[in-house]
Amino acid sequence: MEEQLNKQEITIVYGKEIQLTVSNDKKKEVYVKFSTTFRKRQLKELKGVKLSVFLCYALHSDENGYCWIDNKLVQKETGYGENQIMEAKQFLRHKGYLFYERLYNEKGQMKDWIYRIFQSIEEGKIWVIRNEEVHTLTSKKPYLGENPNLGKMGGVIEEKPINIKEEPITVSKTNKDYNYQNSLSLMEQDRNKHIQVIALYWKYKNYNLENPEQYNSALRRDLRSARQLIGYSKDKLLEVMDWLESNTDIKWTLETVNKFVNEDLDNIGSMRKNGIR
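The sequence shown: position 265 = 253 (the working numbering), numbered continuously.
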């Protein structure tokens, strides 16, 4: 069958781990060709929902391994629910099969997520998605003359990604109209679980971030730990926070919650006299 098709090879990640073959007919059927190394090693780890989610991102990736599809599209194409996909993404990230970061526009507003298979997101890179410049928190502006466009997404994506509604969680660097309680309320209602985790932590700590600079700094500081806690219930997180408040002398943070969330707290007992730092 493959010999009868006029095919275009799109190499992903050095061409060693995976290749996408896209036929040039009207339907643009997508085929996946795995290397022997992948078959002998990765397929032993990637089963069920993990394999389906990985393939979904791989089939939408450009020649550099990047894509920016929406979670709803992943749910539609794999048939799995939001929580199953979230757990699979965490596993894939831990194993180094899938990397992802949030993108922001020039105003600091959250936009799409950028995904990349097998390789971490390049620092200092600027993308243009739907005619808007976006970047990760660690990205810097490109030098003059640098092309900010990302790969050749057309010909790989079978369906146009769902446009993510703009969520102005990160506030601008002016004091005009800034209200911390309003921002905290928006965070509690945010569609992203890790933002809800940060809001829960800030509320528990009774933070009062007086200006946008403090707000943005605190948000950036807590993002990494919050992403690692999105699989835990609100009650579980509050349980750990209560325990840390009652049983330790340390100035605990969200990172501390992450360290203790899987511990048997009943068997640890009070640690106030141990002088933990």
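Using N, Cα and C, we set each Cβ at its ideal position, and we do this for glycine too.
Could you tell me which of ARG208, LEU226 and HIS48 sits nearest to TYR92, measuring between CA atoms?
When each option's Cα is compared against that of TYR92, the closest is ARG208.
From the DSSP output, which residues share a beta bridge with CYS44?
Answer is none; CYS44 lacks a bridge partner.
Classify LYS99 as helix, strand or coil using the three-state DSSP reduction.
Note: LYS99 maps to strand in three-state DSSP.
I'd like to confirm the pairing. Which residues does DSSP put opposite HIS123 in its beta bridges?
Bridge partners of HIS123: TYR92 and ILE114.
For the alpha helix (DSSP H) containing ARG209, name the first residue and the last one.
That run of the alpha helix (DSSP H) goes 200 to 215.
On the DSSP bridge list, what partners appear for TYR54?
Note: TYR54 sits in a beta bridge opposite ARG104.
Per DSSP, what kind of secondary structure is LEU172 in: helix, strand or coil?
Correct three-state label for LEU172: helix.
Assess, as a yes-or-no matter, whether the stretch 206 to 222 is touched by the stretch 175 to 191 under the definition of 3 or more beta carbon pairs within less than 8 Å.
The stretch 175 to 191, when compared against the stretch 206 to 222, does touch it at the 8 Å Cβ threshold.
To the nearest angstrom, how far is it from the Cα of SER205 to the Cα of LEU211?
Whole-angstrom Cα-Cα distance: 10 Å.
Please report the distance separating the alpha-carbon of THR244 from that of ARG29.
Going by the C-alpha atoms only, they are around 35 Å apart.
Determine the burial state of ASN267: buried for a count of at least 16 other Cβ atoms within 10 Å of its Cβ, exposed for fewer.
A question about residue 267 goes unanswered here, because the residues of the chain that appear run from -11 up to 265.
Let me know the secondary structure DSSP gives LEU86 once reduced to three states.
Looking at LEU86 - three-state DSSP - the assignment turns out to be strand.
Would you mind working out which of ILE105, GLU65 and ILE57 sits nearest LEU80, comparing C-alpha positions?
The shortest Cα separation from LEU80 among ILE105, GLU65 and ILE57 belongs to ILE105.
Under the three-state reduction of DSSP, which class applies to ASN151: helix, strand or coil?
In this prediction, ASN151 has a pLDDT of 33, which is less than 50 and means its spatial position is unreliable; nothing more can be read from the coordinates.
Which of the three DSSP states is assigned to VAL249 in this structure?
Looking at VAL249 - three-state DSSP - the assignment turns out to be coil, as it is neither helix nor strand.
For GLU120, tell me which candidate among LYS95, GLU110, TRP190 and TYR192 has the shortest Cα-Cα distance.
For GLU120, the nearest C-alpha among the options comes from LYS95.
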